[in-house]
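Trainee: Got a structure for you, questions after.
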Amino acid sequence: MLLLVAISARALAVAARRAGYAVVAIDAFGDGDARSAADAMEVVENAMEGFAEVELAPVVARLAQAYGPAGLIYGSGFDDCPARLAEIARVVPLLGASPESLARAKDPQVFARSCQAAGIAHPEIRFSPPDAPAQWLLKRRGGSGGLHVAAATARARKLGDYWQRRVEGGAVSLLFVRDGQALTPIAWSEQWSAPCAATPFRYGGAAGPIAVDAPRGLLAALARLTRRLGIRGLASADFLNDGEQLWLLEINPRPGATLDVFDDDNDPLLTRHIDAIVGRRPAPSKPRAPRAAEIVYAEADAAAPQGDWPHWGADRPAPGTRIPAGAPLCTVLAAGASAAEAKAQVRERSRRIQSWLQEGGR
Numbered sequence: 382m383l384l385l386v387a388i389s390a391r392a393l394a395v396a397a398r399r400a401g402y403a404v405v406a407i408d409a410f411g412d413g414d415a416r417s418a419a420d421a422m423e424v425v426e427n428a429m430e431g432f433a434e435v436e437l438a439p440v441v442a443r444l445a446q447a448y449g450p451a452g453l454i455y456g457s458g459f460d461d462c463p464a465r466l467a468e469i470a471r472v473v474p475l476l477g478a479s480p481e482s483l484a485r486a487k488d489p490q491v492f493a494r495s496c497q498a499a500g501i502a503h504p505e506i507r508f509s510p511p512d513a514p515a516q517w518l519l520k521r522r523g524g525s526g527g528l529h530v531a532a533a534t535a536r537a538r539k540l541g542d543y544w545q546r547r548v549e550g551g552a553v554s555l556l557f558v559r560d561g562q563a564l565t566p567i568a569w570s571e572q573w574s575a576p577c578a579a580t581p582f583r584y585g586g587a588a589g590p591i592a593v594d595a596p597r598g599l600l601a602a603l604a605r606l607t608r609r610l611g612i613r614g615l616a617s618a619d620f621l622n623d624g625e626q627l628w629l630l631e632i633n634p635r636p637g638a639t640l641d642v643f644d645d646d647n648d649p650l651l652t653r654h655i656d657a658i659v660g661r662r663p664a665p666s667k668p669r670a671p672r673a674a675e676i677v678y679a680e681a682d683a684a685a686p687q688g689d690w691p692h693w694g695a696d697r698p699a700p701g702t703r704i705p706a707g708a709p710l711c712t713v714l715a716a717g718a719s720a721a722e723a724k725a726q727v728r729e730r731s732r733r734i735q736s737w738l739q740e741g742g743r
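Everything in the sequence shown is counted per the working numbering, starting at 382 for the first residue and increasing by one.
Next comes the structure, spelled out in structure tokens:
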């Protein structure tokens, strides 16, 4: 049995089931399909933006005593509070990157120096106001999902903010698994944003696999970088492709958003993740069927519909759940003959969900 902890644990729970594990999950939503995938679930309050202000250790200790999990896999929610991860790691063994590795990966100065040492292009960062702010973004240390990113001219600096030089290009991401010896690539995905006035860089979705003309030596450089950071297991590297160069923006040292895109019955990703943690060398990745996943955000304050959800809708809130404007409503999934076709399908399904919501689930 595995104990899973994430802001939204549904994708992790489904992946754990696919890999043959029983599941106890902790998350902030308790969506219906997450509960269906888990043998037991605990919903914690005030965690929809992360676990920094949540006392998780007592909850983890109680579930560990009741269910005796073999280990804990974490998802989103700890990027800005690795100390919280360290607290629960004292209760249940982690199956993933250590709190120290997470802290290094999410420290902008450490990450920038590590990229330079590994020979990977990374946008310039600074901690004092730039002379030409229109050419810079303001980001928050430990932020995730694009919610923490703004134009440098759009808001005042807050504690924990830093500046990163703006780079124009298309967003692509490499999912990989890192064991103690090597980095094994899984697949590349295209990613896109779901901008709104308050969060213009908010994460929207991903589709893959796609072909990326990666520069020669990039995988070797990523292997050096992940070794330096101490990353283990499934992780992803997010880049901007400006047509001439791939700029590494960040590494997420945990299973992330593309679980829904790349997990596969014939090659379960959490099997790969655990193998890497315990020292079994992973085989080369198998081909993936083209799929896409997109988060649908509520356009106005709403209540979750009473009607039956379409089979391609995931992260389904209980009927009547109040969803404030801008909050995630659900995740939409699609497949196609190509990643582009899957993306077109998932975008259309997102529009249908919005219409369905406006009609009250009829």
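Beta carbons are placed, not taken as given, at the ideal position from N, Cα and C, and that holds for glycine.
Quick caveat, the model's predicted, so the values are computed rather than measured.
1. Return the chain-ordered list of same chain residues with a C-beta closer than 6 Å to the C-beta of S345, the five sequence neighbours on each side being excluded.
2. By DSSP's criteria, W573 is part of a beta bridge. Which residues make up the other side?
3. Considering only the alpha carbon of each residue, which of L384, H692 and A579 lies closest to S444?
4. Would you kindly work out how many angstroms separate the C-alpha atoms of E680 and C711, rounded to a whole number?
5. What residue ranges within the region 586-666 form continuous alpha helix (DSSP H) runs of no fewer than 4 residues, ordered along the chain?
6. On the DSSP bridge list, what partners appear for F432?
7. Determine the closest residue to G624 out of G561, V593 and A392, with distance taken between C-alpha atoms.
8. Please say whether R635 and A478 have beta carbons closer to each other than 8 Å?
9. Based on the DSSP output, what are the partners of W517 in its beta bridges?
10. Measuring alpha carbon to alpha carbon, tell me which of G458, T534, P514 and A467 ends up nearest G524.
11. What are the boundary residues of the beta strand (DSSP E) that I501 is part of?
12. Put R730 into one of helix, strand or coil per three-state DSSP.
13. Between A533 and A706, what straight-line distance do the alpha-carbon atoms span, to the nearest angstrom?
14. Can at least three beta-carbon pairs, one atom from the region 500-514 and one from the region 582-593, be found at a separation below 8 Å?
15. Is A428 near the ligand FAD, with its Cβ less than 7 Å from a heavy atom?
16. Any contact of the region 715-727 with the region 595-602, i.e. 3+ C-beta pairs under 8 Å?
17. Could you give the DSSP three-state label for F492: helix, strand or coil?
18. Under 8 Å, do I388 and V440 count as touching if we go by C-beta distance?
19. Locate the beta strand (DSSP E) running through A537, then write down its first and last residues.
20. Counting Cβ pairs, one atom from each stretch, are 3 or more of them under 8 Å apart for the region 730-739 and the region 675-693?
21. S495: buried (16+ other C-beta within 10 angstroms of its C-beta) or exposed?
22. Look at the alpha carbon of Q562 and the alpha carbon of E631, and state the distance between them as a whole number of angstroms.
23. Would you decide whether D461 is buried or exposed? Buried here means 16 or more other CB atoms lie within 10 Å of its CB.
24. What are the start and end residues of each continuous alpha helix (DSSP H) run of 4 or more residues lying completely inside the region 406-477, in chain order?
25. Note down the Cα distance separating V642 from L651, rounded to an integer number of angstroms.
Mentor: Result, derived from the coordinates:
1. The requested residue 345 does not occur in the structure, where the chain is confined to residues 382 to 743.
2. G586
3. Correcting the residue identity first, residue 444 is Leu in this sequence and not Ser. Checking every option, the nearest Cα to that of L444 belongs to L384.
4. Cα-Cα distance, rounded: 12 Å.
5. 599-610, 640-643 and 650-659
6. According to DSSP, F432 bridges with nothing at all.
7. V593
8. yes
9. DSSP output for W517 lists R546 as bridge partner(s).
10. G458
11. First-last for I501: undefined, no H or E at that position.
12. In the displayed model, R730 falls within a helix according to three-state DSSP.
13. 24 Å
14. no
15. The model depicted lacks the ligand FAD and carries no ligand whatsoever.
16. no
17. helix
18. no
19. Element bounds for A537: n/a, residue is neither H nor E.
20. yes
21. buried
22. One C-alpha to the other measures close to 21 Å.
23. buried
24. 413-418, 438-448 and 463-470
25. 14 Å
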